[in-house]
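Notes for the one structure printed next.
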Amino acid sequence: MELRPALAVLVLLVLASCARGEDPYLYFEWNVSFVDLAPLGAPQRVIAINNQLPGPEIAVTTNNNLEINVFNSLDEPLLFTWNAVWMRRSSWQDGVLGTNCPIPPGANWTYKFQVKDQIGSGFYYPSLLMQRAAGGYGGIRIYNRAVIAVPFAPPAGDITMLIGDWYKQNHTALRGTLDAGFMIGAPDGVLINGRGPYGSYFVVEPANTYRLRISNVGISTTLNFRIEGHRMLLVETEGSYTVQNFYDSLDVHVGQSYSVIITTDQAPGDFHIVASSRFGVPVLTGLATLHYSNSPSTLGGTLPPGPDPGDVGFSFNQAWSIRWNLTAGAARPNPQGSFHYGVINVSRTIKLFNTAPMINGKQRFAVNDISYFNPDTPLKLADYYKIPGVFSLNSIPDSPYFSTPFLGTSVLNVDYHSFIEIIFQNNEEVIQSWHIDGYQFFVVGFGPGAWNDTSRLTYNLYDAVARSTTQVYPMSWTAIFMSLDNVGMWEIRSQNPARQYLGQDLYMRVYNPEEARSTETPIPSNVLRCGKAVGLN
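Those letters in the sequence shown? Residues -21 to -1, 1 to 516, by mature numbering (1 follows the signal peptide of the UniProt record, and there is no 0).
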């Protein structure tokens, strides 16, 4: 068999890396551009990668090395961030304004990193200027190494389903509304894999099992996911294998990812796939089709029912039922339960109170009274080059002073190898979703009202799931435990891009005073320099 030149080069590169004893290298080239599409029937400009929406899926194996060369063919700056726990030892590649200078229009930049000790499901997206509302996202799947057992039988297929709310307005118009000091309104619909109602069509074989990787890539709306006639066996979330429970429907909050197993055991037919909005009006519904290959029929019948759109209790109870699988291995052979997080002493408690103040007559969002703004020099570069005047350590308090909210650059300084507790307090009537880059954390508790010391009596100190994105219910709190084992400058952000854009954001500097090379990768040779870092070497 004759190999095509490009494939032959890739094979030689992989073989060469294996000969050197390194983990394999995988290479990607992305051209990011605007294209005209009509996801909800109205023509608009969306962000595509290699003319695709969603963009190319990244399918890799634990410990693979990746090089992703991104060409920015937009008319505005660009960065990509990775909504999975990829950046072990490499916040230089995180793709947010606190760590990277943007890729200018007409230029390119290559991300280089290893998916070290990672497995599971996630997605990527553009992190700047409300661009996530224009698309530019794609799925991530990281397979186990062959020597590590997976806690379920190999499925016949692996299907990515990217669900999310969508606005008919272009992202530039949405950004203009936010810049003027107003909030954007409700979304116009829900997409499944970048397409409107019944635009996505998934063909399966009867009498088989399939793994579905479901990610909420939207910007503001919790979605309830379900498939007519098919129960879902939950097996994984954001790199953690879970206790395997069946669900008729699953609440997927903004930024979260789940893997479920379905069995195609129904009579031949076509079945509704539904992603419907929760906790708001009007109820929006995304629709797609699951088609059995031997089906003689067309889609009919009624949509499978979901929970009442306003039923927060359903979501609370479901969230409590999602547990860590203590007997399964993940990226390594030792069981997930070998890390006994519940017996580690907490060295520091950080309470993050979220508010929605008006500052200078404009709508903003704040954490512990500070509404974040980005300096023109990335924090990571300022820290590396010791540039003064960009940020101050511990410029955000561990709990709010309840002072007059103000604009600032919030940076928590925390110690490498410490073990901390973070409380997210939501005093608003809307659900929130929070993500921490570079980390998995244990969601040990959540509940209504205001958190206090006695709330710890309700914590799950045994098998709380480890993940990278957590919801905080309206007028409620969520508590997490986190082992600080990853040196770097890491963003703690709202997964609602509008809230993040208006200040619901901060950074966590995980510092190793020894500055040992083994705890963080060095500054990239191709690093972009901007702001006060221009001209520095």
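Note that the Cβ used here is the ideal one computed from N, Cα and C, for glycine as well. This structure is a prediction, so every number in the text was calculated from the model and none was measured.
Taking the alpha carbon of Leu191 as the reference point, which residue from Pro501, Ala113, Lys330 and Thr216 has its own alpha carbon closest? In the sequence shown, counting from the first residue as 1, residue 191 sits at position 212. Answer by Cα proximity: Thr216.
Please give me, in chain order, every unbroken run of the beta strand (DSSP E) with length at least 3 that falls completely inside the region 354 to 424. 385 to 387, 390 to 394, 398 to 405 and 411 to 415
Classify Ala86 as helix, strand or coil using the three-state DSSP reduction. One-based indexing of the sequence shown puts residue 86 at position 107. Of the three classes helix, strand and coil, the one that applies to Ala86 here is coil, per DSSP.
I think Asn475 touches Ser412, with their Cβ atoms under 8 Å apart; what is that distance to the nearest whole Å? Counting from one through the sequence shown, the residue named residue 475 turns up at place 496. Counting from one through the sequence shown, the residue named residue 412 turns up at place 433. Contact holds; Cβ gap of about 7 Å.
DSSP state of Phe7, grouped into three classes? Against the sequence shown, residue 7 aligns to sequence position 28. Correct three-state label for Phe7: strand.
Report the rounded CA-to-CA distance for Leu(-12) versus Thr281, giving the unit in angstroms. Counted from its first residue, the sequence shown places residue -12 at position 10. Counted from its first residue, the sequence shown places residue 281 at position 302. With a pLDDT of 43 at Leu(-12), under the threshold of 50, the predicted position of this residue should be treated as unreliable, though the coordinate-derived value follows. One C-alpha to the other measures close to 48 Å.
Three-pair Cβ contact test at 8 Å for the region 496 to 506 versus the region 436 to 443: no
In angstroms, rounded to a whole number, what distance separates the CA positions of Pro312 and Thr40? As a position in the sequence shown, residue 312 is number 333, starting the count at 1. As a position in the sequence shown, residue 40 is number 61, starting the count at 1. Their backbone Cα atoms lie some 15 Å apart in a straight line.
What's the call for Ile232, buried or exposed, on a 16-neighbour Cβ count within 10 Å? Indexing the sequence shown from 1 puts residue 232 at position 253. The identity of residue 232 in the sequence shown is His, whereas the question assumes Ile. His232 comes out buried.
Please work out which residues of its chain come closer than 7 Å, Cβ to Cβ, to Asn172, disregarding the five sequence neighbours upstream and downstream, and give them in chain order. Numbered from 1 along the sequence shown, position 193 holds the residue referred to as residue 172. Only Pro33, Met140, Leu141 and Ser179 meet the Cβ criterion.
Nearest-angstrom Cβ-Cβ length linking Leu107 and Pro81, presumed shorter than 8 Å: Taking the sequence shown and counting its residues from 1, one reaches residue 107 at position 128. Taking the sequence shown and counting its residues from 1, one reaches residue 81 at position 102. Yes, Leu107 and Pro81 are in contact; Cβ-Cβ is about 6 Å, under 8 Å.
Simplified DSSP state of Pro476, which is helix, strand or coil: As a first step, residue 476 is located in the sequence shown; it is residue number 497 there, counting from the start. Residue state, collapsed to three classes: helix.
Unbroken beta strand (DSSP E) run spanning Gly143, endpoints: Taking the first residue of the sequence shown as position 1, residue 143 is located at position 164. Run containing Gly143: Gly136 to Trp145, per the beta strand (DSSP E) assignment.
Excluding sequence positions up to five away, which residues of its chain have a Cβ less than 7 Å from the Cβ of Gly175? Translated into the one-based positions of the sequence shown, residue 175 becomes position 196. Result list for Gly175: Pro18, Leu19, Gly20 and Gly168, in chain order.
Buried or exposed (CB count within 10 angstroms, at least 16 for buried), Ala186: On the sequence shown, residue 186 is found 207 positions in, with the first residue counted as 1. Ala186 comes out exposed.
Within 10 angstroms of its Cβ, does His396 collect 16 or more other Cβ (buried), or is it exposed? Translated into the one-based positions of the sequence shown, residue 396 becomes position 417. It is exposed - the Cβ of His396 has fewer than 16 other Cβ atoms within 10 Å.
So, at 8 Å on beta carbons, what are the nonlocal neighbours of Leu76 in its own chain, with the 5 sequence-adjacent residues on each side left out? Translated into positions along the sequence shown, residue 76 becomes position 97. So the list reads Leu58, Ser106, Leu107, Asn353 and Pro357, once near-sequence residues are dropped.
With 16 other CB atoms within 10 Å as the buried threshold, where does Trp145 fall? As a position in the sequence shown, residue 145 is number 166, starting the count at 1. Buried: at least 16 other Cβ atoms inside 10 Å.
Have a look at Ala477 and Gly308 and give me their C-alpha separation to the nearest angstrom. On the sequence shown, position 498 is the one that residue 477 refers to. On the sequence shown, position 329 is the one that residue 308 refers to. The straight-line gap from Cα to Cα measures roughly 37 Å.
What does the Cβ neighbour count give for Ile323, buried or exposed, with the cut at 16 atoms within 10 Å? Numbered from 1 along the sequence shown, position 344 holds the residue referred to as residue 323. Its Cβ having fewer than 16 others within 10 Å, Ile323 is exposed.
Using the Cβ count rule (16 or more neighbours within 10 Å means buried), how would you classify Leu515? Taking the sequence shown and counting its residues from 1, one reaches residue 515 at position 536. Looking at its Cβ environment, which holds fewer than 16 other Cβ atoms inside 10 Å, Leu515 is exposed.
Mind checking whether Ser255 and Thr264 have CB atoms under 8 Å apart? Here residue 255 refers to the residue found at position 276 of the sequence shown. Here residue 264 refers to the residue found at position 285 of the sequence shown. Yes, the Cβ-Cβ distance between Ser255 and Thr264 is below 8 Å.
Could you round the C-beta distance between Val489 and Thr457 to whole angstroms and report it? I think they count as a contact, below 8 Å. Along the sequence shown, one-based indexing puts residue 489 at 510. Along the sequence shown, one-based indexing puts residue 457 at 478. Actually they do not touch by this definition, with Cβ atoms about 21 Å apart.
So for Trp61, helix, strand or coil by DSSP? Taking the sequence shown and counting its residues from 1, the one referred to as residue 61 is at position 82. Here Trp61 sits in strand by DSSP.
Does the region 117 to 130 touch the region 292 to 308, meaning 3 or more C-beta pairs lie closer than 8 Å? yes
Please report the distance separating the alpha-carbon of Leu278 from that of Leu229. Counting from 1 along the sequence shown, the entry for residue 278 is found at position 299. Counting from 1 along the sequence shown, the entry for residue 229 is found at position 250. Taking the straight line joining both Cα atoms gives about 22 Å.
Could you please give the first and the last residue of the uninterrupted alpha helix (DSSP H) stretch that includes Asn296? Working through the sequence shown from its first residue, we reach residue 296 at position 317. First-last of the alpha helix (DSSP H) with Asn296: Val291 to Ser300.
Taking buried to mean at least 16 other C-beta atoms within 10 Å of its own C-beta, is Gly387 buried or exposed? For this step, residue 387 is matched to residue 408 along the sequence shown. Burial call: buried.
Do Ile28 and Gly143 have their CB atoms nearer than 8 Å? For the purposes of this step, residue 28 is identified with residue 49 of the sequence shown, where counting begins at 1. For the purposes of this step, residue 143 is identified with residue 164 of the sequence shown, where counting begins at 1. Taking 8 Å as the Cβ cut-off, Ile28 and Gly143 do not qualify as a contacting pair.
For a test of the three-state rule: what should DSSP assign to Ala27, helix, strand or coil? Stepping through the sequence shown from its first residue, residue 27 is reached at position 48. In the structure shown, Ala27 sits in a strand (DSSP, three-state: E or B).
According to the neighbour-count rule (16 or more other Cβ atoms, all chains shown, within 10 Å of its Cβ), is Trp430 buried or exposed? On the sequence shown, position 451 is the one that residue 430 refers to. By the neighbour-count rule (16 or more Cβ atoms within 10 Å), Trp430 is buried.
Smallest Cα separation from Leu481: which of His270, Val222 and Phe344? Taking the first residue of the sequence shown as position 1, residue 481 is located at position 502. Looking at the Cα atoms, Phe344 is the closest of the given residues.
Consult DSSP for Trp71 and reduce its assignment to one of helix, strand or coil. The residue given as residue 71 occupies position 92 in the sequence shown. Of the three classes helix, strand and coil, the one that applies to Trp71 here is helix, per DSSP.
From which residue to which residue does the alpha helix (DSSP H) around residue 557 run? Residue numbering for the chain in the displayed model covers -21 to 516; residue 557 lies beyond these limits and cannot be assessed.
List in chain order: all unbroken beta strand (DSSP E) runs of 3+ residues lying wholly within the region 173 to 239. 180 to 183, 188 to 195, 202 to 206, 211 to 216 and 229 to 231
Need the endpoints of the beta strand (DSSP E) that Pro105 sits in, please. Residue 105 sits at position 126 when you count from the first residue of the sequence shown. Where Pro105 is concerned, the enclosing beta strand (DSSP E) stretches over Gly99 to Pro105.
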